[in-house]
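K.L.:
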Amino acid sequence: MRIPSRVIGGVVIATLLSQLTACGTLFFPDRRGQIEGKIDPVVAALDAIGILFYVIPGLIAFGIDFATGAIYLPGGTTAQVAPEKLNEAISADGKVDNSKLQAILESELGQRLPLNDPRLIQHKGSVEQLAMYGLKPAA
Numbered sequence: 067m068r069i070p071s072r073v074i075g076g077v078v079i080a081t082l083l084s085q086l087t088a089c090g091t092l093f094f095p096d097r098r099g100q101i102e103g104k105i106d107p108v109v110a111a112l113d114a115i116g117i118l119f120y121v122i123p124g125l126i127a128f129g130i131d132f133a134t135g136a137i138y139l140p141g142g143t144t145a146q147v148a149p150e151k152l153n154e155a156i157s158a159d160g161k162v163d164n165s166k167l168q169a170i171l172e173s174e175l176g177q178r179l180p181l182n183d184p185r186l187i188q189h190k191g192s193v194e195q196l197a198m199y200g201l202k203p204a205a
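Going by my numbering, the first residue of the sequence shown is number 67, and it counts up by one from there.
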């Protein structure tokens, strides 16, 4: 009688611990405190798997993730750099020096952006094209 109760207890503990790890609150503690946003499909899928296998712990995981805001994707952040600073990266002939631009962005934003990445799409245009869209060059 003693071995089956230990096996059952072990299975219950393993079940609860495995469901607890699927909780977005543990995976993304930096997201706590958000009140709205787009739902992260990874966290929602993990919580849904919890409901599929263990109904009560899965519902608890969903509840905790919604209550703490960990189920939501982090909000988009924006950054701005003064045009005067960006002018330092433009040469006299109007070409942009990527290394200078990267140094400016790194010092202003605190992030290193891969401006020499071959996947980076760069568009070249003219003043006439800007005027066609109702824009005027300001940099």
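Ideal Cβ placement from N, Cα and C applies to all residues, glycine included. Since this is a predicted model, take the numbers as computed values, not measurements.
From Leu-125, Gln-195, Tyr-199, pick the residue whose C-alpha is nearest to that of Ala-111; which is it?
P.N.:
Leu-125
K.L.:
Can you tell me whether Arg-97 is buried or exposed, with buried defined as 16 or more other CB within 10 angstroms of its CB?
P.N.:
buried
K.L.:
Bridge partners of Tyr-138, per DSSP?
P.N.:
Ile-105
K.L.:
One question on the structure: do Leu-181 and Ile-170 come within less than 8 angstroms of each other, judged by their Cβ atoms?
P.N.:
No, the Cβ-Cβ distance between Leu-181 and Ile-170 is not below 8 angstroms.
K.L.:
The alpha helix (DSSP H) that contains Asn-164, what's its start and end?
P.N.:
164–175
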